[in-house]
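Just so we're aligned, residue 29 is where the sequence shown starts under the numbering used here, counting upward by one. Presented below is the structure to which this report refers.
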Amino acid sequence: MIYSNLVLATTAVLAAAAPAAPANTRTRISSPVQTRTLRSSLATRAALKGRTDTTQMCRHKAGCACFGKTQCGVTCGCCEPTKSLSSLWRSRKALPSSRAEVIMGDASNVYPSKKLADLFEGNKKWAKEMRAQKSQLMSKLGAGQEPKIMWIGCSDSRVPENTLSQMDPGEIFVIRNVANQVQISDNSVMSALQFAIGVLGIEEVVVCGHYGCGGCAASMTNKDHGAPLENWIADIRNVYRLHQNELDAISDSTERQKRLIQLNTIEQCLNVMKSGPFQAKRAETGGKIPRVHACVYDPATGNLENLAVDFEKYLESVKGIYDLAY
């Protein structure tokens with residue numbers, strides 16, 4: 029008896045301490061999943077009470093006087109006669125069983141746009157042709173990769189390295205970003221470089237810029253593009269500063285931008301050579317590999333231009349500054 033009274037007293041105290049719900053509180057529906065969940069719950073309660081076919085269901089429109097109610101009886105435009113709620117409950121759609129299903133949605137509507145549909149349809153045709161024409165290559169790719177070239181390029185959609193070089197999958201190890209940057213503080217590009225050189229045994233590192241590069245064009249404007257883009261292209265502004273006399277002497281703005289693109293590509297090659305993975309492999313191989321190449325692609329012609337920079341000469345001239353003593 030004493031125990032029962034204690035439980036009742038404790039329950040009363042907790043109930044009194046609980047904050048009261050503010051008047052006119054309305055349920056907030058923040059996602060389709062929550063909406064379906066609430067409707068299913070309301071339908072379950074109605075089914076248990078044996079509601080009839082004349083029952084009205086609220087559509088849960090925010091701002092409506094009957095928002096959040098199952099049956100309001102108010103002519104407000106958000107309620108309509110439906111089938112019995114018990115029948116709705118029996119015919120309900122199951123809620124997604126995982127977060128992936130919530131994100132992906134209905135599998136019957138995988139392609140919300142024609143371009144996305146074209147992407148997957150094109151892949152089906154390509155895969156079928158590759159298996160028919162290059163079955164041995166596909167089997168080899170299924171077992172692993174042995175590329176000898178690393179491509180550090182721009183994210184621009186007009187510079188597809190395998191297409192412009194007519195090389196097969198598995199021949200080029202690729203990392204791309206805005207304006208083909210090799211920033212020593214960027215874990216993404218440095219991790220790719222470390223893996224390419226130390227694990228895959230890459231022999232050639234190609235840094236490829238391209239004419240019409242939006243990142244280089246943005247760096248030539250006196251405008252804050254906002255973080256993180258402005259932080260990213262700040263290094264291209266530094267390239268301009270290093271070569272300001274040469275660039276300012278070019279009167280034509282288009283030609284000046286082209287030259288900045290070339291100089292930026294060369295500077296990124298130098299950043300590759302400053303890195304630990306590059307220097308460690310060069311020390312291991314007696315300075316033979318990997319080799320670095322600066323190239324610029326012209327989307328208007330499809331031509332890939334080798335800038336033919338003597339990086340060995342440059343590396344020797346700055347050895348006292350950047351040599352990591354491997």
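Glycine included, C-beta positions come from ideal geometry on N, C-alpha and C.
Point to revise | Helix, strand or coil at G330 [DSSP, three-state] | key: Residue mapping note: residue 330 aligns to position 302 of the sequence shown, counting from 1. Of the three classes helix, strand and coil, the one that applies to G330 here is coil, per DSSP.
Check your understanding: Under a Cβ-count criterion, where at least 16 other Cβ atoms within 10 Å of its own Cβ denotes burial, should Y325 be classed as buried or exposed?
Key -> Looking up residue 325 in the sequence shown gives position 297. Flag for Y325 reads buried.
Check your understanding: Leaving out five residues before and five after D351 in sequence, what residues of the same chain have Cβ atoms less than 6 Å from its Cβ?
Key -> Within the sequence shown, numbered from 1, the residue matching residue 351 stands at position 323. If we look at D351 and ignore the five residues flanking it on each side, it has no Cβ neighbours.
Review point. Curious, which full-length beta strand (DSSP E) runs of at least 3 residues does the region 154-214 contain?
Key: Qualifying beta strand (DSSP E) stretches, in chain order: 177-182, 200-205.
Exercise for review: Please report how far the alpha carbon of N250 lies from the alpha carbon of I203, in whole angstroms.
Suggested key: Within the sequence shown, residue 250 is the residue found at index 222, counting from 1. Within the sequence shown, residue 203 is the residue found at index 175, counting from 1. Whole-angstrom Cα-Cα distance: 29 Å.
Review point. Taking the alpha-carbon positions, what's the G226 to G172 distance?
Key: Counting from 1 along the sequence shown, the entry for residue 226 is found at position 198. Counting from 1 along the sequence shown, the entry for residue 172 is found at position 144. Computed Cα separation, rounded: 16 Å.
Exercise for review: Could you tell me whether the Cβ atoms of G237 and I289 are closer together than 8 Å?
Suggested key: Residue 237 sits at position 209 when you count from the first residue of the sequence shown. Residue 289 sits at position 261 when you count from the first residue of the sequence shown. By the CB criterion at 8 Å, G237 and I289 fall inside the cutoff.
Exercise for review: Rounded to whole angstroms, what's the CA-CA distance from E174 to Q194? Just pull it up for me.
Suggested key: Your numbering for residue 174 matches position 146 in the sequence shown. Your numbering for residue 194 matches position 166 in the sequence shown. For E174 and Q194, the distance between alpha carbons rounds to 17 Å.
Exercise for review: State the DSSP-derived secondary structure class of C244, mapped to helix, strand or coil.
Suggested key: Counting from one through the sequence shown, the residue named residue 244 turns up at place 216. Of the three classes helix, strand and coil, the one that applies to C244 here is helix, per DSSP.
**Study point:** Reduced DSSP secondary structure (H/G/I, E/B, other) of N52
**Key:** Looking up residue 52 in the sequence shown gives position 24. Any reading at N52 needs caution, since the residue's pLDDT is 49, under 50, leaving its predicted position unreliable; the model's value is listed next. In the structure shown, N52 sits in coil (DSSP, three-state: anything other than H, G, I, E or B).
Practice item. Pick helix, strand or coil for T82, following the three-state DSSP scheme. Key: The sequence position of residue 82 within the sequence shown is 54, counting from 1. A caution first: T82 carries a pLDDT of 41, below 50, which makes its placement in the model unreliable, though a value can still be read off. Here T82 sits in coil by DSSP.
Exercise for review: Confirm, please, whether the CB-CB distance from V234 to P318 is below 8 Å.
Suggested key: By one-based count along the sequence shown, residue 318 stands at place 290. By one-based count along the sequence shown, residue 234 stands at place 206. No, Cβ-Cβ distance for P318 and V234 is not below 8 Å.
Point to revise | Sequence-distant residues of the same chain with beta carbon closer than 7 Å to F355, five excluded per side | key: Absent from the model: residue 355. The displayed extent of the chain is 29 to 354, so no value can be given.
Practice item. Note the first and the last residue of the continuous alpha helix (DSSP H) segment covering G348. Key: As a position in the sequence shown, residue 348 is number 320, starting the count at 1. Counting along the chain, the alpha helix (DSSP H) containing G348 begins and ends at 347-350.
Point to revise | Nearest-angstrom Cα separation, counted from K309 out to I230 | key: Counting from one through the sequence shown, the residue named residue 230 turns up at place 202. Counting from one through the sequence shown, the residue named residue 309 turns up at place 281. Distance between the alpha carbons of I230 and K309: 10 Å.
Check your understanding: How is V320 classed by DSSP in three states: helix, strand or coil?
Key -> What you label residue 320 is simply residue 292 of the sequence shown in a count that begins at 1. Looking at V320 - three-state DSSP - the assignment turns out to be strand.
Check your understanding: Which term fits P305, buried or exposed, when burial requires 16 or more other beta carbons within 10 angstroms of its beta carbon?
Key -> Here residue 305 corresponds to residue number 277 of the sequence shown, with the count starting at 1. Buried is the call here.
**Study point:** G226 - DSSP class collapsed to helix/strand/coil
**Key:** Counting from one through the sequence shown, the residue named residue 226 turns up at place 198. DSSP, reduced to helix, strand and coil, places G226 within a helical segment of the structure shown.
Practice item. Kindly indicate which three-state DSSP category Y268 falls into: helix, strand or coil? Key: Along the sequence shown, one-based indexing puts residue 268 at 240. In the structure shown, Y268 sits in a helix (DSSP, three-state: H, G or I).
Check your understanding: Over what stretch of residues does the alpha helix (DSSP H) that includes G304 continue unbroken?
Key -> Stepping through the sequence shown from its first residue, residue 304 is reached at position 276. Looking at the DSSP string, the run of the alpha helix (DSSP H) that includes G304 is 304-312.
Point to revise | G237, enclosing beta strand (DSSP E) - first and last residue | key: For the purposes of this step, residue 237 is identified with residue 209 of the sequence shown, where counting begins at 1. Its beta strand (DSSP E) spans residues 232-238.
Check your understanding: With C-beta atoms as the reference, is N215 less than 8 Å away from I180?
Key -> Along the sequence shown, read from residue 1 onward, the residue named residue 215 stands at position 187. Along the sequence shown, read from residue 1 onward, the residue named residue 180 stands at position 152. Going by C-beta atoms, N215 is not nearer than 8 Å to I180.
**Study point:** CA-to-CA distance, E344 to N170, given in whole angstroms
**Key:** Indexing the sequence shown from 1 puts residue 170 at position 142. Indexing the sequence shown from 1 puts residue 344 at position 316. Per the sequence presented here, residue 170 reads as Gly, with Asn not at that position. Cα-Cα distance, rounded: 42 Å.
**Study point:** Close Cβ partners of R284 (< 6 Å) along its chain, the five nearest in sequence each way excluded
**Key:** Indexing the sequence shown from 1 puts residue 284 at position 256. Answer for R284: L275, I278, listed in chain order.
Exercise for review: Check whether the Cβ atoms of V337 and A322 sit closer than 8 Å, and answer yes or no.
Suggested key: Stepping through the sequence shown from its first residue, residue 337 is reached at position 309. Stepping through the sequence shown from its first residue, residue 322 is reached at position 294. Cβ atoms of V337 and A322: closer than 8 Å.
**Study point:** Counted within 10 angstroms of its Cβ, other Cβ atoms place D146 as buried (16 or more) or exposed
**Key:** Your numbering for residue 146 matches position 118 in the sequence shown. Classification of D146: exposed, given that the 10 Å Cβ count is below 16.
**Study point:** Assigned secondary structure, Y356 (DSSP; H/G/I helix, E/B strand, else coil)
**Key:** No answer is possible for residue 356: the residues shown for the chain start at 29 and end at 354.
Review point. Alpha carbon to alpha carbon, what distance is there between G240 and L291?
Key: For this step, residue 291 is matched to residue 263 along the sequence shown. For this step, residue 240 is matched to residue 212 along the sequence shown. Approximately 14 Å between the Cα atoms of the pair.
Exercise for review: Please look up how many angstroms separate the CB atoms of T293 and L335, rounded, as I've assumed it's under 8 Å.
Suggested key: Locating residue 293 in the sequence shown gives position 265, where the first residue counts as 1. Locating residue 335 in the sequence shown gives position 307, where the first residue counts as 1. Sure, about 7 Å apart at Cβ, within 8 Å.
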